[in-house]
Structures are given as structure tokens and as C-alpha cells.
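> Structure provided below as C-alpha cells; questions to follow.
Protein chains: 2
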Amino acid sequence: MDIARSPLAQPFPAIPPIAGVTLRIARARYKDWDRADLTYAELAPGTAVAGLFTKNICCSSEVELGREQMKGGRARALVVNAGNSNAFTGYRGREAVEGIMAQVADHLGCAAAEVFVSSTGVIGVPLPQDKARAGIAAALTSEPCSWEDAAETIGTTDTFTKGAVAQAVIGGRTVTLAGIIKGSGMIAPDMATMLGYIFTDAAVEPAFLQACLSAANERTFSCITVDSDTSTSDTVLAFATGAAGNAPLASFDSEGADAFAAAIADICRQLALLVVRDGEGAQKLIEVRVSGAVSDASARRVGLAIANSPLVKTAIAGEDANWGRVVMAVGKAGEPADRDRLSIGFGGHWTAREGQPLANYDEAPVAEHLTGREIAVAVDLGLGDGQAVVWTCDLTHGYIAINADYRS
Amino acid sequence: MDIARSPLAQPFPAIPPIAGVTLRIARARYKDWDRADLTYAELAPGTAVAGLFTKNICCSSEVELGREQMKGGRARALVVNAGNSNAFTGYRGREAVEGIMAQVADHLGCAAAEVFVSSTGVIGVPLPQDKARAGIAAALTSEPCSWEDAAETIGTTDTFTKGAVAQAVIGGRTVTLAGIIKGSGMIAPDMATMLGYIFTDAAVEPAFLQACLSAANERTFSCITVDSDTSTSDTVLAFATGAAGNAPLASFDSEGADAFAAAIADICRQLALLVVRDGEGAQKLIEVRVSGAVSDASARRVGLAIANSPLVKTAIAGEDANWGRVVMAVGKAGEPADRDRLSIGFGGHWTAREGQPLANYDEAPVAEHLTGREIAVAVDLGLGDGQAVVWTCDLTHGYIAINADYRS
Numbered sequence: 001m002d003i004a005r006s007p008l009a010q011p012f013p014a015i016p017p018i019a020g021v022t023l024r025i026a027r028a029r030y031k032d033w034d035r036a037d038l039t040y041a042e043l044a045p046g047t048a049v050a051g052l053f054t055k056n057i058c059c060s061s062e063v064e065l066g067r068e069q070m071k072g073g074r075a076r077a078l079v080v081n082a083g084n085s086n087a088f089t090g091y092r093g094r095e096a097v098e099g100i101m102a103q104v105a106d107h108l109g110c111a112a113a114e115v116f117v118s119s120t121g122v123i124g125v126p127l128p129q130d131k132a133r134a135g136i137a138a139a140l141t142s143e144p145c146s147w148e149d150a151a152e153t154i155g156t157t158d159t160f161t162k163g164a165v166a167q168a169v170i171g172g173r174t175v176t177l178a179g180i181i182k183g184s185g186m187i188a189p190d191m192a193t194m195l196g197y198i199f200t201d202a203a204v205e206p207a208f209l210q211a212c213l214s215a216a217n218e219r220t221f222s223c224i225t226v227d228s229d230t231s232t233s234d235t236v237l238a239f240a241t242g243a244a245g246n247a248p249l250a251s252f253d254s255e256g257a258d259a260f261a262a263a264i265a266d267i268c269r270q271l272a273l274l275v276v277r278d279g280e281g282a283q284k285l286i287e288v289r290v291s292g293a294v295s296d297a298s299a300r301r302v303g304l305a306i307a308n309s310p311l312v313k314t315a316i317a318g319e320d321a322n323w324g325r326v327v328m329a330v331g332k333a334g335e336p337a338d339r340d341r342l343s344i345g346f347g348g349h350w351t352a353r354e355g356q357p358l359a360n361y362d363e364a365p366v367a368e369h370l371t372g373r374e375i376a377v378a379v380d381l382g383l384g385d386g387q388a389v390v391w392t393c394d395l396t397h398g399y400i401a402i403n404a405d406y407r408s
Numbered sequence: 001m002d003i004a005r006s007p008l009a010q011p012f013p014a015i016p017p018i019a020g021v022t023l024r025i026a027r028a029r030y031k032d033w034d035r036a037d038l039t040y041a042e043l044a045p046g047t048a049v050a051g052l053f054t055k056n057i058c059c060s061s062e063v064e065l066g067r068e069q070m071k072g073g074r075a076r077a078l079v080v081n082a083g084n085s086n087a088f089t090g091y092r093g094r095e096a097v098e099g100i101m102a103q104v105a106d107h108l109g110c111a112a113a114e115v116f117v118s119s120t121g122v123i124g125v126p127l128p129q130d131k132a133r134a135g136i137a138a139a140l141t142s143e144p145c146s147w148e149d150a151a152e153t154i155g156t157t158d159t160f161t162k163g164a165v166a167q168a169v170i171g172g173r174t175v176t177l178a179g180i181i182k183g184s185g186m187i188a189p190d191m192a193t194m195l196g197y198i199f200t201d202a203a204v205e206p207a208f209l210q211a212c213l214s215a216a217n218e219r220t221f222s223c224i225t226v227d228s229d230t231s232t233s234d235t236v237l238a239f240a241t242g243a244a245g246n247a248p249l250a251s252f253d254s255e256g257a258d259a260f261a262a263a264i265a266d267i268c269r270q271l272a273l274l275v276v277r278d279g280e281g282a283q284k285l286i287e288v289r290v291s292g293a294v295s296d297a298s299a300r301r302v303g304l305a306i307a308n309s310p311l312v313k314t315a316i317a318g319e320d321a322n323w324g325r326v327v328m329a330v331g332k333a334g335e336p337a338d339r340d341r342l343s344i345g346f347g348g349h350w351t352a353r354e355g356q357p358l359a360n361y362d363e364a365p366v367a368e369h370l371t372g373r374e375i376a377v378a379v380d381l382g383l384g385d386g387q388a389v390v391w392t393c394d395l396t397h398g399y400i401a402i403n404a405d406y407r408s
């Protein structure tokens, strides 16, 4: 089927080269696609790596191996296969990943554990080893490509190509972070979402890179949801080549560490929002801001209960300020809440305060807000200082059409 | 909008009168509907009552009061308002319910706590007290009506009228159970689902009636889901008038207690399945059978993760045997599972065994099964003896159309 480009799409940004990173793409022909489907990134010796992986128990071999590889803290290459997730394929799936790792390690003269592999696409079909081998051979001899080419090649049902850039100054040196990501469906919280890759020329110790990435995850990838379904393959990796020549960041005591952590958080937030903007069938980007909860974690769970509610998401699709459904979602979240202290608003206008509809509620400005592309939902629980922001998209006929007809 | 009758609808059964129960309906005109919207059931003095209520924290005053009233164990009347749920309406909502209780108690000469009230419909609009008062006055002076009339009157977005009947023999006497239920959207597990009422002429002590109802709930109402959204008003009440004259059932040691408990479970299962058959937009009834879990509770949670997955539900809507999405849902359930022991099947045919697609998998019989109205999904976790059956419906364009356009 032909899936229309998301009306929430954003243009691919101008991303400069990152010293120590070389990108290449090739056609492994995992599916009958007239496009490249294998992405290869070569990384300078000594590149630090950090990662986030799906919590789905039925995860792919790529995820299992990636988690083990993380212990070494160093990476020399990344391979991303699109069109086949290689998940739920038993020992044959694992053999395919180990074959890719060995082939690249042999070429680079590095340890296999320094070669990271991700795959995305249909579940349950072992990745064909012959196609992978030929694809990698082709990539290794191809001309380097742009960020946009690489970002496009890792996509599957994505309707637009997603990238982001951020910078930070560390000890007088400007370091750059480049990120690419793919994802549109099977997007749910409480994990590292979909396939996302961040590359920086900063010099960062692996443990601190992981700390920055994990902290950013809490407020970015873990705060988005498209359909509450957690993928078997979700992976976000960050690579720091060190080519910028700054004194390596080892902890928050290092000079420039705060600025770098802020830049990581910035690029993660950009990438996470791009995924929501390409949520399957999305017509509106929804920001749910929860305040007054007993803790930040509680606020996030309430926010996700709202963002995952099909009744809330269809109401917004219908441009209906149906705050009763928001009440329902707050109440089912399983978190502390008091119906008689609850306030709900849309687009900066309260519709209900402290457990009752506003006596002088004027629906006109709220109705106007709901006709837009970006919808703001505010919930104040009136209990404490906990707060969170969660992002999702509306639930439309497009989601049904994409998922009832397409074998992902 | 005009919502088509569910293709999974079942005809209303022949339900005999239950001695000690008199049904009446009237028009309170809560909404602009050309039909009765207020149901009144008068119950013989001494009628035992048991109940199940939503766990949604933002529940209605009807639910709060009903939970308190349960302590008395006796009921003389039930009033059900359709078109307005009276939820999230603060003290005005509570006053409206207390007004109805007082009016009926005054008429019957009973305690107000013996009058049970439920309301269903839009959230956030206080139930108009004048309309309720006039509606009840009209009901009290109207002719008794049929089970089908009463079942039709409690409905809102329901596309067909739902009733069930069961019988049991207690000490040589046949007792009858009659049930009516409404519900179509905002249906989720872990609670007593929607508005359901069971009436029996059996003599049963309230505590044992509650024990039977709670036990039945675990395998019926708590095992269905339409859209994962838990309503603010869900209520199931069981009334036992005692008119059959059997020796009152007080525990499982009483003669006929097992048969009665089985009949309660039977009627609860019938009623729960009728709600799924009228799930918003439903085109297929889906039974998810989970075995091999570490416990029954774990099996149920895995079953609900599958039944609530929008990707599984849209795949079945599209008649696609996409078992990879079932793997994903098992893995995200947060329950013990081992990818390499997992087996998945449809309609009695395994598609994957022990973590891998079947080598000789023949898709034809599975594809044929998926074209039907009733779909069976089987999951064997291969870990233990825990099992559960969960029911849901597919997710279709109809759900989007109903919920993006209708203010519930």
C-alpha cells in the first residue's frame, strides 16, 4: 500500500560531518525494495559507545548481543539491516548476526564485539546470511554517503527521513552531535524506542556517555508512545569518536560535562519527537503535561495512561474536547489521584477545575485549538510537585489502514 | 451518527419472569432520545445483593455509594439512568443520586441504602435532578415491562440488546438466573465491566452471593477487553430474591451451592461475551487461550497484553496471521516468558513452536480460519501449568469512526 507522508513531517536538517564517522549504504535486497536497505557506519579506533535496549522479553539476537557488547564500551562499526527484524528466529537468527560481526571485524582488524548490528522489519524470518554478506561487501567498497542517505536507509514504514543535530562547547572546543532515527509503529514507552543512533566527535568515557544517554532517555524516548506496543528490536546507540580533541569527559565534574549532557538530552528529545510526528496515521502531535502528582514517576505514568488511551486519542482525532475521557484515563492509571482536586485543560484553557466542569466554560477557544496540528493537554492532579511531559499522536483511520493491510 | 448493528450480534434469549422482580421503564429524557432511558427494578423484601465495581479512581458517585451500600447486603430496588454517567460532577452529582435513593425509599418504605443507582453516558454533566424525579415518578406508575425492554433501556452506544439466562437445581428446586448488560466501548479488564445486572429467585445469603459473583468475575468480566480503557462507572450487581423457596445458600457446604456457583459463572460468561460481541467497531470475536504460564494470573496478564495490543487487533481485522505481533505482545507483558520455548497458533494450527517458525508451516488453513467471525489465538509459554482465556474483538475503522465523531 502507499502510505501518505505525515502531515507532521519536518525537513531533514543540515548535519555537518562528524570526524571519525564514515557512512556507507548498500542494497542487501532483504525485501523487494528499489532502494538501499543496509547502512554501515565506520568509527575511528577508540570510539566510546553507550546504548539503550528494548525491555521486551522476546527481543531479537541483535538486542541480546548488543547488551553483552556494551560491557566493552568501545565500537568500531555499526550495521543496520532494514526490512527484516531477525526477531523470533532462534539460533539461525543469532548465527546471522554473528556472521555480520565476524565479516566486519575481519575487514577492520578489530574484535567482533566492537561491531554493533541492528535489524528492523518483519518478525519471524531469519535474516538471510547470503544477502547480508553480499550487502556488507558492497557497502565496504561503496562511496561514503550523507547523513540523509543513511537516515533514509534505516527506515521501513517511515513516511519521512529523520535526523537531528546539536552542539556543545567543552573546554573551548565545539563538539557536534548528529542523530538519525527510524520508527512509526510498535512504539511504546519504558524502553529505548526504535532504532536511533547518535554520533559525536566529543571525547567521552563510555560510562559517562551511558550516564548521559540513560538520563536523557528518562525524559525523551521513555516519554513517547504511538500505540503502546513495545517492539522486540528497539535500540538507541550513542557513539563518541573523540576526534574533537577535548579532554575526555569522565563525570559531571569534567569541564563541559553539563553542556554535553544538555546537548545529548536536546538531540534525544528532537529524535523522539520526530518518531511521534511519524506515528502511524498521525494527524496531530499531542503533548500531555501532567503536574501536581505525588512524584515525577507518578506523573509520567498518568501521562502515559492518557497518551495510550484509544478513547482520548480518537477524541482528539475528532477535534472533540472530550475531557471526560481524560478523567477516565487519569482514574485508570493506578496512580494516586483525587477526583475532586483534578483539573484538565486544552491549549492553555482549563475546562474543568477541582473535580467539576468550569461553570463559565467557553468551548470556543478550546475547539479552535483542537483544529490545529499540535495539541496541548494539561492535567493538574493537585496533590504534590511531581510533573512530566509525554508525547503521542492521535489515533486515526490511517493507523487501521496501515496495520490491517501491511505485514510489518 | 448511525452505528451499524454488530455482525457478531446474538438474538435476545427467552427469559422467564423471576419471582420477586418487577421491571418498569420510563422516559426521563436525559438526552434527546426517542426512547425510554430510565429502568426501574423492584425487588421483594429481603432480596440479597452482591456487587462488583470499577477500580477507576475517578469513579462516579453511583459507584462510591454502591460500594458503601454493599455492606448492608440487602436491596429493594435498582434504578439505571442511560445517557448521562453523572461521573466527575462533584457534590451536585452525589446530590442527584441521593435524591433518587430518597424518592424510591419513600415510595417503598425502605431504607435509602437498599436502593441501588447506576448511570451511564456522557461524563462531566451533573444528572438533572428534575428529570430524574419526573422519570422515576413515571416509572413507578407504569405497567411492568419485559426483560428485553429493560435490557434495551439501559443501553447507550450498544448496537444490540443483551440478555442471558441460566438455571441450577438446589435441593430439588430449580432456580433461574436472568441477566442483562450494556457496554460497547471504554471496556477494559481488572474490574467489573460496564453495567450488568443478574436477578435470581434463589435464596442466597449476601456474603455467599458475593463470593460466587467475585469468583465468576475472575474468569469472565475481568477477562474481556475492547479497548483497554476502564470506565468510571462500571458496575455488576446480582440480586437474589429468595422466592424459589430453597434452603438459603450460605456457603459451598450448602446443598446445591456448587450448581448455583456454576450457574452464576455461566451467566457472567454469557454476559461478558455479549459485551465483546458489541465492542465498538467489532467485526471478529477473538479468543486468546494462554497455557504453559507460571501461574493462572500470569497467563491472564499475558492474554490481556495480546488482547489489548492494537497491532495484534488490527492484524486480525486485516485477516493477517501476523504471529510476530503476538510474540511482541507476549514479550511486552512483563511476565515470565522464554522466547525459545514460545509456541503460537491460530484456529488449532501452530504457526511457530519453541521460538521458531514451523519449518513446514502451511499458511492456507490459518488464512482460512482468519476469514471467519470467531478467531482463536493459542499461546503456549512452555514454562508451567498456568492458563487463562481472554476475549476481545478486532480493531477496525468502525472504532475510529464511532469514537472520533461521537461524544460519549
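Sequence lines, in order, name chains D and Y. Using full-length UniProt numbering, the letters of the first sequence correspond one by one to residues 1 to 408. Using full-length UniProt numbering, the letters of the second sequence correspond one by one to residues 1 to 408. Glycine included, every Cβ here is placed at the ideal spot set by N, Cα and C.
1) When you compare the CB of residue 221 (chain D) with every CB in chain Y, is at least one pair closer than 8 Å?
2) For residue 110 (chain Y), does the three-state DSSP call read helix, strand or coil?
3) Residue 33 (chain D): buried (16+ other C-beta within 10 angstroms of its C-beta) or exposed?
4) For a quick check, are the C-beta atoms of residue 280 (chain Y) and residue 402 (chain Y) less than 8 Å apart?
5) Please state the DSSP three-state secondary structure of residue 195 (chain D).
6) Using a Cβ-Cβ cut-off of less than 8 Å, give me the residues of the segment 127-148 of chain D that come near chain Y, in sequence order.
7) For residue 193 (chain D) and chain Y, any beta-carbon pair shorter than 8 Å?
8) Starting from residue 21 (chain Y), follow its DSSP beta bridges and name the residues at the other end.
9) Going along chain D in order, which residues have a C-beta closer than 7 Å to the C-beta of residue 397 (chain Y)?
10) Tell me, please, whether the CB atom of residue 57 (chain D) is closer than 8 Å to any CB atom in chain Y?
11) For residue 137 (chain Y) and residue 268 (chain Y), what's the separation of their Cα atoms in angstroms?
12) Suppose the cutoff is 7 Å on Cβ atoms and the five residues either side in sequence are ignored; what does the same chain contact list for residue 15 (chain Y) look like?
13) Using C-beta distances below 8 Å, list every residue in its chain close to residue 346 (chain Y), excluding the 5 sequence neighbours before and after it, in chain order.
14) What distance in whole Å lies between the Cβ atoms of residue 388 (chain Y) and residue 303 (chain Y), which are believed to be in contact at a cut-off of 8 Å?
15) Shorter than 8 Å from the beta carbon of residue 189 (chain Y) to some beta carbon of chain D?
16) Got a sec: does the ligand GTP put a non-hydrogen atom nearer than 7 Å to the Cβ of residue 382 (chain Y)?
17) Going by alpha carbons, who is nearest to residue 316 (chain D) out of D:172, D:386, D:285 and D:211?
18) Quick one, which residues of the segment 347-365 of chain Y are near chain D if we go by CB-CB under 9 Å, in chain order?
19) If the cut is a Cβ gap below 9 Å, which residues of chain D does residue 342 (chain Y) touch?
20) In three-state terms, what does DSSP make of residue 398 (chain D)?
21) I believe residue 327 (chain D) touches residue 232 (chain Y) by the beta-carbon criterion, under 8 Å. Please report the beta-carbon distance rounded to the nearest angstrom.
22) Evaluate the contact criterion for the segment 34-50 of chain D versus the segment 216-229 of chain D: three or more CB pairs, one atom per stretch, below 8 Å.
23) Which complete alpha helix (DSSP H) runs does the segment 204-261 of chain Y hold, if anything under 4 residues is left out?
24) Strictly by DSSP, which residues pair up with residue 182 (chain D)?
25) Measuring straight from C-alpha to C-alpha, what distance separates residue 160 (chain Y) and residue 152 (chain Y)?
26) Could you give the first and the last residue of the continuous beta strand (DSSP E) run that contains residue 306 (chain Y)?
27) With C-beta atoms as the reference, is residue 83 (chain D) less than 8 Å away from residue 30 (chain D)?
28) Can you pull out the residues from the segment 295-317 of chain Y whose beta carbon lies closer than 9 Å to at least one beta carbon of chain D?
29) Residue 392 (chain D) CB to nearest chain Y CB: under 8 Å?
30) If I measure Cβ to Cβ from residue 42 (chain D) and keep anything under 6 Å in the same chain, skipping five residues before and after, which residues do I get?
31) What number of angstroms, rounded off, separates the C-alpha of residue 97 (chain D) from the C-alpha of residue 372 (chain D)?
32) Any beta carbon from chain Y within less than 8 Å of residue 339 (chain D)'s own beta carbon?
33) Note down, in chain order, every chain Y residue with its Cβ under 8 Å from the Cβ of residue 330 (chain D).
34) Cβ of residue 34 (chain Y) less than 8 Å from any chain D Cβ?
35) Roughly how many angstroms lie between the CA atoms of residue 224 (chain Y) and residue 257 (chain D), to the nearest whole one?
36) So the candidates are Y:123, Y:113, Y:124 and Y:175; which of them puts its Cα closest to the Cα of residue 19 (chain Y)?
Reading from the atomic positions:
1) As a working mapping, residue 221 (chain D) is identified with position 221 in the first sequence. For residue 221 (chain D), no CB of chain Y lies under 8 Å from its own CB, so it is not counted at the interface with that chain.
2) Position 110 of the second sequence, counted from the first residue, corresponds to residue 110 (chain Y). Three-state DSSP puts residue 110 (chain Y) in coil, outside helix and strand.
3) Locating residue 33 (chain D) in the first sequence gives position 33, counting from the first residue. Classification for residue 33 (chain D): exposed.
4) For the purposes of this step, residue 280 (chain Y) is taken as residue 280 along the second sequence, with counting starting at 1. For the purposes of this step, residue 402 (chain Y) is taken as residue 402 along the second sequence, with counting starting at 1. Cβ distance < 8 Å, so residue 280 (chain Y) and residue 402 (chain Y) count as in contact.
5) Taking the first residue of the first sequence as position 1, residue 195 (chain D) is located at position 195. DSSP places residue 195 (chain D) within a strand segment (E or B) once states are collapsed to three.
6) From the segment 127-148 of chain D, no residue has a Cβ closer than 8 Å to chain Y.
7) The residue given as residue 193 (chain D) occupies position 193 in the first sequence. Low local confidence applies: a pLDDT of 41 at residue 193 (chain D) is under 50, so the model's placement there is unreliable, with the coordinate-based value given in what follows. Contact with chain Y is absent for residue 193 (chain D), since none of that chain's Cβ atoms lies less than 8 Å from the residue's Cβ.
8) For this step, residue 21 (chain Y) is matched to residue 21 along the second sequence. Its beta-bridge partners are Y:43.
9) One-based indexing of the second sequence puts residue 397 (chain Y) at position 397. Scanning chain D for C-beta atoms nearer than 7 Å to the C-beta of residue 397 (chain Y) yields 397 and 400, reported in chain order.
10) In the first sequence, residue 57 (chain D) corresponds to position 57, counting from 1. It does: the Cβ of residue 57 (chain D) has a partner Cβ on chain Y nearer than 8 Å.
11) Along the second sequence, one-based indexing puts residue 137 (chain Y) at 137. Along the second sequence, one-based indexing puts residue 268 (chain Y) at 268. Note on geometry: alpha-carbon atoms of residue 137 (chain Y) and residue 268 (chain Y) lie some 32 Å from one another.
12) As a first step, residue 15 (chain Y) must be located in the second sequence, where it is residue number 15. 147, 163, 165 and 178.
13) Residue numbering aside, residue 346 (chain Y) sits at position 346 when the second sequence is read from its first letter. These residues qualify, in order along the chain: 321, 323, 366, 369, 370, 375, 376, 377 and 378.
14) Residue 303 (chain Y) sits at position 303 when you count from the first residue of the second sequence. Residue 388 (chain Y) sits at position 388 when you count from the first residue of the second sequence. Between residue 388 (chain Y) and residue 303 (chain Y) the Cβ distance is about 5 Å, and since that is below 8 Å, they are a contact.
15) As a first step, residue 189 (chain Y) must be located in the second sequence, where it is residue number 189. Reliability of the predicted coordinates at residue 189 (chain Y) is poor, the pLDDT of 40 falling under 50, and the value obtained from them is presented with this limitation in mind. Not one chain D Cβ lies under 8 Å of residue 189 (chain Y).
16) Questions concerning the ligand GTP fall outside what the structure shown contains, since it holds no ligand whatsoever.
17) Numbered from its first residue, the first sequence carries residue 316 (chain D) at position 316. Minimum Cα distance to residue 316 (chain D) is reached at D:285.
18) Residues of the segment 347-365 of chain Y that bring their beta carbon within less than 9 Å of a beta carbon in chain D comprise 351, 352, 354, 355, 356 and 357, in sequence order.
19) Counting from one through the second sequence, the residue named residue 342 (chain Y) turns up at place 342. Those within 9 Å of residue 342 (chain Y) in chain D are 58 and 88.
20) Within the first sequence, residue 398 (chain D) is the residue found at index 398, counting from 1. The answer is helix: DSSP assigns residue 398 (chain D) an H, G or I state.
21) Here the question's residue 327 (chain D) lines up with position 327 in the first sequence. Here the question's residue 232 (chain Y) lines up with position 232 in the second sequence. Right, their Cβ atoms sit about 7 Å apart.
22) Proximity of the segment 34-50 of chain D to the segment 216-229 of chain D falls short of the contact definition, fewer than three beta-carbon pairs being nearer than 8 Å.
23) Correct list: 206-219.
24) Mapped onto the first sequence, residue 182 (chain D) falls at position 182. Its beta-bridge partners are D:195.
25) As a position in the second sequence, residue 160 (chain Y) is number 160, starting the count at 1. As a position in the second sequence, residue 152 (chain Y) is number 152, starting the count at 1. Going by the C-alpha atoms only, they are around 8 Å apart.
26) Translated into positions along the second sequence, residue 306 (chain Y) becomes position 306. Where residue 306 (chain Y) is concerned, there is no enclosing beta strand (DSSP E), although the alpha helix (DSSP H) around it starts and stops at 296-307.
27) Reading the first sequence from its first residue, position 83 is the one you call residue 83 (chain D). Reading the first sequence from its first residue, position 30 is the one you call residue 30 (chain D). Yes, the Cβ-Cβ distance between residue 83 (chain D) and residue 30 (chain D) is below 8 Å.
28) The residues in question are 308, 309, 310, 311, 312, 313, 314, 315, 316 and 317.
29) By one-based count along the first sequence, residue 392 (chain D) stands at place 392. It does not: the Cβ of residue 392 (chain D) has no partner Cβ on chain Y nearer than 8 Å.
30) Numbered from 1 along the first sequence, position 42 holds the residue referred to as residue 42 (chain D). Here the set comprises 22 and 77.
31) Here residue 97 (chain D) corresponds to residue number 97 of the first sequence, with the count starting at 1. Here residue 372 (chain D) corresponds to residue number 372 of the first sequence, with the count starting at 1. Taking the straight line from one Cα to the other gives about 45 Å.
32) Position 339 of the first sequence, counted from the start, is the residue given in the question as residue 339 (chain D). Closer than 8 Å: yes.
33) On the first sequence, position 330 is the one that residue 330 (chain D) refers to. Near residue 330 (chain D) (Cβ distances below 8 Å), the residues of chain Y are 57 and 58.
34) Working through the second sequence from its first residue, we reach residue 34 (chain Y) at position 34. Cβ-Cβ to chain D under 8 Å: no for residue 34 (chain Y).
35) The count along the second sequence starts at 1 and reaches residue 224 (chain Y) at position 224. The count along the first sequence starts at 1 and reaches residue 257 (chain D) at position 257. Distance between the alpha carbons of residue 224 (chain Y) and residue 257 (chain D): 51 Å.
36) Counting from 1 along the second sequence, the entry for residue 19 (chain Y) is found at position 19. That would be Y:175, whose Cα lies nearest to the Cα of residue 19 (chain Y).
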